[in-house]
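Going by numbering that gives the first Met the number 0, the sequence shown opens with residue 0, and the numbers climb by one from there. Just so it is clear, CB atoms sit at the ideal spot from N, CA and C, and this is done for glycine as well. Quantities reported herein were computed from a predicted structural model and do not represent experimental measurements.
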Amino acid sequence: MHPVTAITARQIRDSAPIPAGCRLLVATSAGPDSTALLYLLAELAADLKTELVAAYVDHGLRPAESSSERQLIRFHAERLGIPFRLGAVDVPAFARQHRTSTEEAARILRYRFLEETADAVDAQFIALGHTADDQAEELLLRLLRGSGRQGLAGMRARRGRYIRPLLEVRKRQLLDYLERHTIAFHEDSSNRSTLYLRNRIRHLLLPHLAAHYNPRISQTLVQTAEVLGEEERLLEELTSDIWERLATPGRDELQLDTTLFRNQPVALQRRLLERACWQLGCRPSFRGIEQIRRLAAGGGRGECLHLAGGLRVRLEPGCLLFHHPLGRRPQRGNLESDAGPGRFRREIPGPGRYHFTEMGKELLLSLENAVPGRNEKVGGDGERLDADRLVFPLELRSIRPGDRFWPLGAPGRKKVGDFFTDHKVPRRQRRDIPVLTSNGAIAAVVGCRIDHGFRVTPETRRVLVVRWRDRREEEDQPRIE
0 MHPVTAITAR
10 QIRDSAPIPA
20 GCRLLVATSA
30 GPDSTALLYL
40 LAELAADLKT
50 ELVAAYVDHG
60 LRPAESSSER
70 QLIRFHAERL
80 GIPFRLGAVD
90 VPAFARQHRT
100 STEEAARILR
110 YRFLEETADA
120 VDAQFIALGH
130 TADDQAEELL
140 LRLLRGSGRQ
150 GLAGMRARRG
160 RYIRPLLEVR
170 KRQLLDYLER
180 HTIAFHEDSS
190 NRSTLYLRNR
200 IRHLLLPHLA
210 AHYNPRISQT
220 LVQTAEVLGE
230 EERLLEELTS
240 DIWERLATPG
250 RDELQLDTTL
260 FRNQPVALQR
270 RLLERACWQL
280 GCRPSFRGIE
290 QIRRLAAGGG
300 RGECLHLAGG
310 LRVRLEPGCL
320 LFHHPLGRRP
330 QRGNLESDAG
340 PGRFRREIPG
350 PGRYHFTEMG
360 KELLLSLENA
370 VPGRNEKVGG
380 DGERLDADRL
390 VFPLELRSIR
400 PGDRFWPLGA
410 PGRKKVGDFF
420 TDHKVPRRQR
430 RDIPVLTSNG
440 AIAAVVGCRI
450 DHGFRVTPET
460 RRVLVVRWRD
470 RREEEDQPRI
480 E
């Protein structure tokens with residue numbers, strides 16, 4: 000048995016285990032790495048109790064070479080008795096359409112083809128031919144582009160349905176394996192081009208580092224990736240454990256308990272914030288993460304950060320609130336103040352039941368005879384207003400900038416926003432609190448406080464009871480749409 004066979008078997012057993020009886024799609028390109036992978040897996044298939052399917056995709060970049068590559072892969076597949084799947088993609092057209100690099104377009108289309116082919120042949124896993132040399136190149140590439148610990152952990156032996164059985168094998172070992180078994184392969188001419196960053200790292204940077212700084216630079220980088228990979232898994236476990244205790248997900252929003260958050264080490268704080276952003280569809284930069292950390296550590300209550308895709312992060316009492324005030328789309332400015340004015344307005348012609356389906360709320364208005372000694376109440380009984388001081392139709396609407404009223408029990412008039420601040424009403428709740436107006440004057444900030452001018456007095460004969468609550472279909476009151 001060649002040493003590479005033993006290394007590959009150990010890698011699968013220890014780092015990329017696959018269940019017996021599964022089908023494995025092997026990504027092939029006719030190059031030395033993937034060709035060796037195909038033969039190694041064919042050699043181990045009986046022990047692994049695994050079925051293999053070979054797959055090749057033509058990227059449309061080298062028409063003069065792709066024909067011979069297809070023929071060679073077909074030859075190897077037939078020689079090994081392995082089914083063969085062929086595909087073709089138009090990388091240049093995709094790159095132009097999506098304004099991306101040729102290298103990135105090829106990567107996207109290649110993985111898309113592999114996923115679709117694996118589904119078509121009912122393969123549970125996809126094997127890739129990345130080697131230890133590729134791992135070293137990948138680590139330098141991610142370092143140059145700017146990556147955190149997760150990126151610097153390099154490629155994993157198993158990630159989802161993808162496995163990389165050759166991550167501990169050097170390319171020279173694979174070449175020796177191919178030579179000993181007289182296995183032909185095709186060298187991709189584009190691998191020699193220094194137009195691509197990865198090739199410049201492979202042919203220029205790594206040889207320079209090996210010649211002038213560390214002859215074992217590739218091995219050092221691979222070992223670094225292995226160490227960081229194990230630490231990454233540990234940190235991920237710690238992050239998941241803390242996440243369960245301090246994160247409260249909601250509909251298109253998320254809250255993080257600031258007391259627990261502040262007690263975490265900086266490394267975990269960054270990971271928690273990164274996870275929060277990812278869960279709401281935002282890929283944060285390092286600068287963005289640090290801004291949120293500073294906000295959580297000492298920002299003023301109500302201070303807000305603007306992130307990509309309309310995501311806003313606000314410091315509330317006891318929590319950091321991540322949310323999209325106007326949905327998941329690019330937005331500028333203070334969306335929360337912009338969301339209020341004119342967000343909804345509804346004419347209320349008289350007593351009855353009014354549904355606000357988009358808010359999951361309902362407004363109930365009912366007339367009662369005045370009861371001596373009973374004043375306004377908040378809660379189950381709702382607000383009680385002097386009905387004879389109201390002029391129908393009333394209007395239920397969002398709060399607008401500059402709205403003022405005289406809160407019952409207060410010495411005089413004040414802005415609704417100041418009233419909320421005084422009573423510590425979280426900003427995330429304010430945009431869903433409406434006002435009820437009569438002839439343009441605020442009669443009540445619904446669910447919070449009525450206006451002094453519409454209070455119930457000993458002279459009141461009729462009372463309008465106002466209830467604003469979660470929608471309940473079982474109520475048998477008349478429905479007014």
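Inter-segment contact for the segment 202 to 221 and the segment 247 to 259 is absent: fewer than three beta-carbon pairs are separated by less than 8 angstroms. DSSP, read as helix, strand or coil, puts residue 303 in strand. As DSSP reads the structure, residue 248 sits in a beta bridge with 253. The DSSP-derived three-state label of residue 418 is helix. For the pair residue 272 and residue 66, the Cα-to-Cα distance works out to about 49 angstroms. No residue range can be given for residue 48, since it is assigned to no beta strand (DSSP E) and is classified by DSSP as neither H nor E. No residue range can be given for residue 423, since it is assigned to no alpha helix (DSSP H) and is classified by DSSP as neither H nor E.
Cα atoms of residue 222 and residue 416: separation of roughly 58 angstroms, rounded to the nearest angstrom. With respect to residue 134, residue 153 sits close: the two C-beta atoms are nearer than 8 angstroms. DSSP places residue 195 outside any alpha helix (DSSP H), giving it a letter other than H or E. Annotation: residue 283 to residue 270 spans about 11 angstroms, alpha carbon to alpha carbon. With fewer than 16 other beta carbons inside 10 angstroms of its own, residue 370 counts as exposed. Setting aside the 5 residues that flank it on each side, residue 15 is surrounded in the same chain by 156, 157, 162, 163, 164, each with a C-beta closer than 8 angstroms to its C-beta; the list follows chain order. Secondary-structure assignment with DSSP links residue 354 through a beta bridge to 361.
DSSP places residue 347 in the uninterrupted beta strand (DSSP E) bounded by 344 to 347.
Where residue 317 is concerned, there is no enclosing alpha helix (DSSP H), because DSSP gives it neither an H nor an E. The straight-line gap separating the alpha-carbon atoms of residue 180 and residue 35 is approximately 10 angstroms. In this structure, residue 392 keeps its C-beta atom at 8 angstroms or more from the C-beta atom of residue 425.
Proximity to residue 468 across 431, 459, 453, 449 peaks at 431, based on C-alpha coordinates. Counting the other Cβ atoms within 10 Å of the Cβ of residue 437 gives 16 or more, which makes it buried. Taking a cut-off of 8 angstroms for Cβ pairs, the segment 355 to 369 and the segment 398 to 417 do not touch, as fewer than three such pairs fall below it.
Of 184, 201, 183, the smallest CA-CA separation from residue 190 is found for 201. Where residue 287 is concerned, the enclosing alpha helix (DSSP H) starts and stops at 285 to 297. Secondary structure of residue 436 (DSSP, three-state): strand.
Rounded to the nearest whole angstrom, the C-alpha separation of residue 433 and residue 386 is 19 angstroms.
Note: residue 413 is bridge-paired with 404 in the DSSP secondary-structure output. With contact defined as three or more Cβ pairs closer than 8 angstroms, the segment 105 to 117 and the segment 80 to 90 are in contact. Non-local C-beta neighbours of residue 68 in its own chain, meaning closer than 6 angstroms and more than five positions away in sequence, comprise 29, 185, ordered along the chain.
Non-local beta-carbon contacts of residue 318 in its own chain, meaning distances under 7 angstroms to residues more than five positions away in sequence, involve 254, 255, 256, 257 in chain order. With a beta-carbon spacing of about 17 angstroms, residue 267 and residue 294 fall beyond the 8 angstroms limit used to define contacts. For the options 466, 263, 74, the alpha carbon positioned closest to that of residue 242 is the one of 263.
Taken in chain order, the complete alpha helix (DSSP H) segments of 4 residues or longer contained in the segment 122 to 191 are 131 to 144, 148 to 151, 170 to 179. By the CB criterion at 8 angstroms, residue 24 and residue 130 fall outside the cutoff. Pairing residue 56 with residue 32, the inter-Cα distance amounts to about 16 angstroms. In the three-state DSSP reduction, residue 212 falls in the coil class, being neither helix nor strand. DSSP places residue 42 within a helical segment (H, G or I) once states are collapsed to three.
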